[in-house]
Amino acid sequence: MSAEPKIFSLKQVLQSIRKTIEERYQSLYWVKAEMHKLNRYPSGHCFPELLQKEDGKIVAQISGTIWKQNFERINQRFMEVVKEPLKDDLTLLMQIRISFHEVYGLSLEIVDIDPSYSLGELQRERLETLKKLKELRLIDANQQLDFPLLPKRIAVISAPASKGLNDFYQVLENNKYGYLIERELFPAYVQGDLAINSIIEQLRVLRGRTDDFDIVVIVRGGGGEVGLSCYNNFLLCKEIADFPLPVLTGIGHSTNLTVAEMIAFRNAITPTELGEFLIQTFREFDLEVRDLGERLEANTLYFIEQRLLELGRNSEKLHGKTKETLLRRNHELEQSGQLLRHRTERFIADQKRLQENYQQKIAEKSMRYTQTERNGIDQILYRLENSVEKTLINQTRNLKDFEQTVRLLDPINVLNRGYSITTINGKIPTEKDLKEGATLETRTKEFILQSTLTHKEKRDEQ
Amino acid sequence: MSNKMTYTDAYEELQQIVSDIEDGEITVDVLSAKVKRASELIKVCKEMLTATEVDVKKILDDLSED
Amino acid sequence: MSNKMTYTDAYEELQQIVSDIEDGEITVDVLSAKVKRASELIKVCKEMLTATEVDVKKILDDLSED
Amino acid sequence: MSNKMTYTDAYEELQQIVSDIEDGEITVDVLSAKVKRASELIKVCKEMLTATEVDVKKILDDLSED
Amino acid sequence: MSNKMTYTDAYEELQQIVSDIEDGEITVDVLSAKVKRASELIKVCKEMLTATEVDVKKILDDLSED
Amino acid sequence: MSNKMTYTDAYEELQQIVSDIEDGEITVDVLSAKVKRASELIKVCKEMLTATEVDVKKILDDLSED
Amino acid sequence: MSNKMTYTDAYEELQQIVSDIEDGEITVDVLSAKVKRASELIKVCKEMLTATEVDVKKILDDLSED
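Protein chains in written order, with my numbering: chain A, 819 to 1280; chain B, 90 to 155; chain C, 90 to 155; chain D, 90 to 155; chain E, 90 to 155; chain F, 90 to 155; chain G, 90 to 155.
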């Protein structure tokens, strides 16, 4: 069975959608999203594009609405807290109401923005930039450069005709010493989002002209505390850190240091102070050169004076030592004279003593000699006496021997002891004399007996 | 060394001469010459403060030729 | 004495003579000659110093006037 | 004694004599002669010293006056 | 005894005599004569010594006076 | 005994006599005579010794007195 | 017996006699005579010896007394 389809008017449909959405989304919601474009209209209303990216791709997108009265309130608070105006490309925490309009379609009506969240976001960007610079080892790259002896030629990056630039030039030109600092202006935005690329662009220009300049200064002044978050931008900071000449900043604000100021070769609080610093550099060099001049003069004269004193000392020494030498030689001669006298005297004394010795020796030797002779004589006398005595004793003994022998042989002595002597014809008989009938004469002590031999026999024992 | 003398070269040479004289590390024979050179270097250093870069370079070039 | 002699040479010869006399390494026979030589060297050195001083003063005065 | 004799020669001969006398290396016969010679040498040396002294004094005085 | 005799000759003869007496190389018959000779030699030596002493003293005194 | 006899002669004769007696070469008949001679020789030697001593002493005393 | 007989003669005769006796070549009568002679000779010798001894003693004593 077919029925005629029910036909709704567009308005009916959209009213139904609106009713449904209004019933479904009655509360206010907090939404985090990137505000791609603020799209403020002359009427004062803003119709920002909100979106969410994942890996660089847009994954959600919708239009927003900020009514004029809301915008003024939100922006004022935002400026107070974040020191930046609401602008494109900020990630925001927004309070929204979902609204659908039959004519304008679906939109998120932004009723409030939490500035604290954005402040945190900015802080996060600052930390992110520092972290990346650290990873690239660029954090103190510019500070490691040598500062020129004199920052004679400076490239000034600044907004033309700005108060900061004017202050800076005033300081350089009005120095009372007449120092000349040559400079060339490289115009750029120095605050707000435009500053990032503007400054980077000029720095890139300057990279081609590093021989013409000693340093680069970035000067901003009179802009209050607003629009400085660009100086936390990683690309800008990297360009500064990596720049081959020292980059000095004089941005003129009193809040937390931006990353650019931290990694610049030097940061001055104001352009005036930066100018004064440069003049001071000249002044120091000036004083140093003056000091060198004074030292040159003083030490040159001192050097000559010292040489004169040295000569004087040598001259005195020459005097003294020569005199000393002559005195010493003279003394040597005196000593030689004395030595000559002393030794000559001793020589003579020695000779005299030798003579005395000889005199004494002769006396002693003569005496000993005669004494020896005397002893010899005495010795001979002794021998004489001895030998005479021995001779006499010998003779006496010989005579006694003779006497003894004679007495023993005397026949009388034999007879006296009872023996007798028998003889034949007066002789001691021999074998042939002893014949029977021979006459024997026998003598005794008192008698002479005559007898005749009758018998004879041999004695056995013979 | 390039025959173009730089600010730093001039200043360092000046410092060296003054320090040599101070330390007595020169002889009488070269004293005049050294003082003369130092005096020229002082002059150029003073010029550096007030003259233009171009003028100073010219003086430095003259000094380099010595 | 040659004009070509440097202050350094003159001064060293002077010191050598003074030191020789000091060490007694000079005989009486040559003492006069050595002292004479030393005295001449002292004179030469003084003259050189004086000349240098005049020179140097002029350079320094010029410098101060600038 | 020859005028050509140097102080050094004279002094050395003198010392030799003194040393010979000390060592007993001379006889009584030559003692007088040796002592005489030594005494002459001393005189010669003294004269030379005096002459040198005068000489040196003059040189040094001249130097001081300058 | 000849005046030409030197101290050295006298001294050596004296030494010989003393040594001969000491070694018993003389007889009693010549002892007196030898001692006499020695005594004369000693006298001669002493005289020579005295003469030399006087001589030398004069030379040395002359030297000291200068 | 002759005065001309020397000590040496006397001493030698004396020694000969004593030596003869010692060797038994002397008969009793001449013994007295020999002993007498020896005794005279001893006396002579002793006298000569004494005389020499006196002599020598005198000579030396004379020397010392000088 | 003659007084002219020397000790030596007497002694030699005595020796001869003793030798003869000892050889026993003589008769008893001769023996007796010989013994008698020997006894006389011994006596003579003894007397001479004693005389000599006295003599010699005197001489030596005289010598010692000196």
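Every residue gets a Cβ at the ideal spot worked out from N, C-alpha and C, and that includes glycine. Since the structure is predicted, the reported quantities are computational estimates derived from the model, not experimental observations.
Taking the C-alpha atoms as reference points, what is the distance between residue i and residue j?
{"i": "Asn-1132(A)", "j": "Val-107(C)", "result": "7 Å"}
{"i": "Glu-114(B)", "j": "Gln-105(B)", "result": "10 Å"}
{"i": "Lys-850(A)", "j": "Gln-961(A)", "result": "39 Å"}
{"i": "Asp-907(A)", "j": "Asp-873(A)", "result": "16 Å"}
{"i": "Asn-1050(A)", "j": "Leu-1096(A)", "result": "25 Å"}
{"i": "Asp-150(D)", "j": "Ser-121(C)", "result": "13 Å"}
{"i": "Arg-842(A)", "j": "Ile-957(A)", "result": "53 Å"}
{"i": "Asp-144(E)", "j": "Asp-144(D)", "result": "36 Å"}
{"i": "Ser-1184(A)", "j": "Glu-154(F)", "result": "18 Å"}
{"i": "Glu-142(C)", "j": "Thr-1090(A)", "result": "48 Å"}
{"i": "Gln-988(A)", "j": "Leu-998(A)", "result": "12 Å"}
{"i": "Arg-1038(A)", "j": "Asn-992(A)", "result": "20 Å"}
{"i": "Arg-1101(A)", "j": "Glu-129(C)", "result": "50 Å"}
{"i": "Phe-1031(A)", "j": "Lys-994(A)", "result": "24 Å"}
{"i": "Phe-1052(A)", "j": "Leu-937(A)", "result": "17 Å"}
{"i": "Tyr-100(E)", "j": "Glu-1207(A)", "result": "51 Å"}
{"i": "Thr-95(D)", "j": "Ile-131(D)", "result": "12 Å"}
{"i": "Lys-93(F)", "j": "Gly-1194(A)", "result": "22 Å"}
{"i": "Met-90(F)", "j": "Phe-1165(A)", "result": "Caution applies to Met-90(F), whose pLDDT of 48 falls short of 50 and renders its modelled position unreliable; the value that the coordinates give is listed next. If you take the alpha carbons of Met-90(F) and Phe-1165(A), they lie about 53 Å apart."}
{"i": "Gln-833(A)", "j": "Ser-925(A)", "result": "15 Å"}
{"i": "Arg-955(A)", "j": "Glu-1115(A)", "result": "47 Å"}
{"i": "Leu-910(A)", "j": "Ala-1082(A)", "result": "30 Å"}
On the DSSP bridge list, what partners appear for residue i?
{"i": "Trp-848(A)", "result": "Gln-913(A)"}
{"i": "Thr-1241(A)", "result": "Glu-1259(A)"}
{"i": "Ile-1033(A)", "result": "Ile-972(A)"}
{"i": "Glu-1002(A)", "result": "Ala-973(A)"}
{"i": "Arg-1291(A)", "result": "Outside the shown range of chain A, which is 819 to 1280, sits residue 1291(A), and nothing can be said about it."}
{"i": "Gln-1268(A)", "result": "Glu-1259(A)"}
Relative to the C-alpha of residue i, which candidate in the options has its C-alpha closest?
{"i": "Ala-127(D)", "options": "Val-143(D), Lys-146(D), Asp-109(D)", "result": "Asp-109(D)"}
{"i": "Arg-1027(A)", "options": "Phe-865(A), Ala-973(A), Ile-1018(A)", "result": "Ala-973(A)"}
{"i": "Leu-1092(A)", "options": "Leu-990(A), Leu-1271(A), Leu-937(A)", "result": "Leu-990(A)"}
{"i": "Val-921(A)", "options": "Ala-1013(A), Ile-835(A), Lys-952(A)", "result": "Ile-835(A)"}
{"i": "Val-119(B)", "options": "Asp-1011(A), Glu-890(A), Thr-1118(A), Pro-860(A)", "result": "Thr-1118(A)"}
{"i": "Lys-952(A)", "options": "Lys-1218(A), Cys-1055(A), Leu-1145(A)", "result": "Cys-1055(A)"}
{"i": "Arg-800(A)", "options": "Glu-129(C), Lys-93(C), Leu-138(C), Thr-116(C)", "result": "Because residue 800(A) is not part of the residues shown, which for chain A are 819 to 1280, the question remains open."}
{"i": "Asp-98(F)", "options": "Val-124(E), Thr-116(E), Thr-97(E)", "result": "Thr-116(E)"}
{"i": "Gln-787(A)", "options": "Lys-901(A), Leu-904(A), Pro-903(A), Glu-927(A)", "result": "The shown model of chain A, from 819 to 1280, leaves out residue 787(A), and the question about it has no answer."}
{"i": "Arg-1108(A)", "options": "Met-94(B), Glu-136(B), Lys-146(B)", "result": "Glu-136(B)"}
{"i": "Glu-939(A)", "options": "Leu-1114(A), Glu-902(A), Arg-955(A)", "result": "Glu-902(A)"}
{"i": "Lys-146(G)", "options": "Gly-1039(A), Pro-1005(A), Asn-1204(A)", "result": "Asn-1204(A)"}
{"i": "Glu-1259(A)", "options": "Ile-1081(A), Ile-880(A), Gln-1213(A), Ile-1239(A)", "result": "Ile-1239(A)"}
{"i": "Gly-982(A)", "options": "Ile-1014(A), Val-1035(A), Leu-910(A), Met-897(A)", "result": "Val-1035(A)"}
{"i": "Glu-111(D)", "options": "Asp-1168(A), Thr-1188(A), Ile-1246(A)", "result": "Asp-1168(A)"}
{"i": "Cys-1048(A)", "options": "Leu-1012(A), Leu-1024(A), Leu-1075(A), Asp-1029(A)", "result": "Leu-1012(A)"}
{"i": "Arg-944(A)", "options": "Arg-1261(A), Gln-1213(A), Leu-1075(A)", "result": "Leu-1075(A)"}
{"i": "Thr-1073(A)", "options": "His-1273(A), Gln-887(A), Gln-941(A), Thr-1272(A)", "result": "Gln-941(A)"}
{"i": "Leu-967(A)", "options": "Asp-1104(A), Thr-1262(A), Leu-1046(A)", "result": "Asp-1104(A)"}
{"i": "Thr-1270(A)", "options": "Thr-1248(A), Lys-1263(A), Ile-1242(A), Glu-1249(A)", "result": "Ile-1242(A)"}
With respect to the beta strand (DSSP E) encompassing residue i, which residues constitute its N-terminal and C-terminal limits?
{"i": "Ala-973(A)", "result": "971–976"}
{"i": "Gly-982(A)", "result": "It is not in any beta strand (DSSP E) - Gly-982(A) instead sits in the alpha helix (DSSP H) that spans 981–991."}
{"i": "Leu-868(A)", "result": "867–872"}
{"i": "Ala-140(D)", "result": "No beta strand (DSSP E) contains Ala-140(D), which is instead part of the alpha helix (DSSP H) from 117–154."}
{"i": "Gly-825(A)", "result": "The residue asked about is misnamed: residue 825(A) is Ile in this sequence, not Gly. It is not in any beta strand (DSSP E) - Ile-825(A) carries neither H nor E in the DSSP assignment."}
{"i": "Ser-881(A)", "result": "875–883"}
Considering just the uninterrupted stretch of the alpha helix (DSSP H) at residue i, what are its terminal residues?
{"i": "Glu-927(A)", "result": "First-last for Glu-927(A): 923–931, but that is the beta strand (DSSP E), not the alpha helix (DSSP H)."}
{"i": "Phe-1165(A)", "result": "1089–1227"}
{"i": "Gln-104(D)", "result": "96–111"}
{"i": "Thr-838(A)", "result": "828–842"}
{"i": "Ala-1086(A)", "result": "Looking at the DSSP string, Ala-1086(A) is not in any alpha helix (DSSP H); the run it does join, the beta strand (DSSP E), is 1084–1086."}
Name the chain H residues that come within less than 8 Å of residue i, Cβ to Cβ?
{"i": "Ile-115(C)", "result": "Although the question refers to chain H, the structure presented lacks it and instead comprises the protein chains A, B, C, D, E, F and G."}
Whole-angstrom Cβ separation of residue i and residue j, contact assumed at under 8 Å?
{"i": "Thr-1099(A)", "j": "Gly-1070(A)", "result": "In fact, because the Cβ distance is near 20 Å, the residues do not count as touching under 8 Å."}
{"i": "Ile-148(C)", "j": "Val-133(B)", "result": "Rounded, the Cβ-Cβ distance is 15 Å, inconsistent with contact."}
{"i": "Phe-965(A)", "j": "Pro-1064(A)", "result": "6 Å"}
{"i": "Ile-1014(A)", "j": "Val-1008(A)", "result": "10 Å between Cβ atoms; not a contact."}
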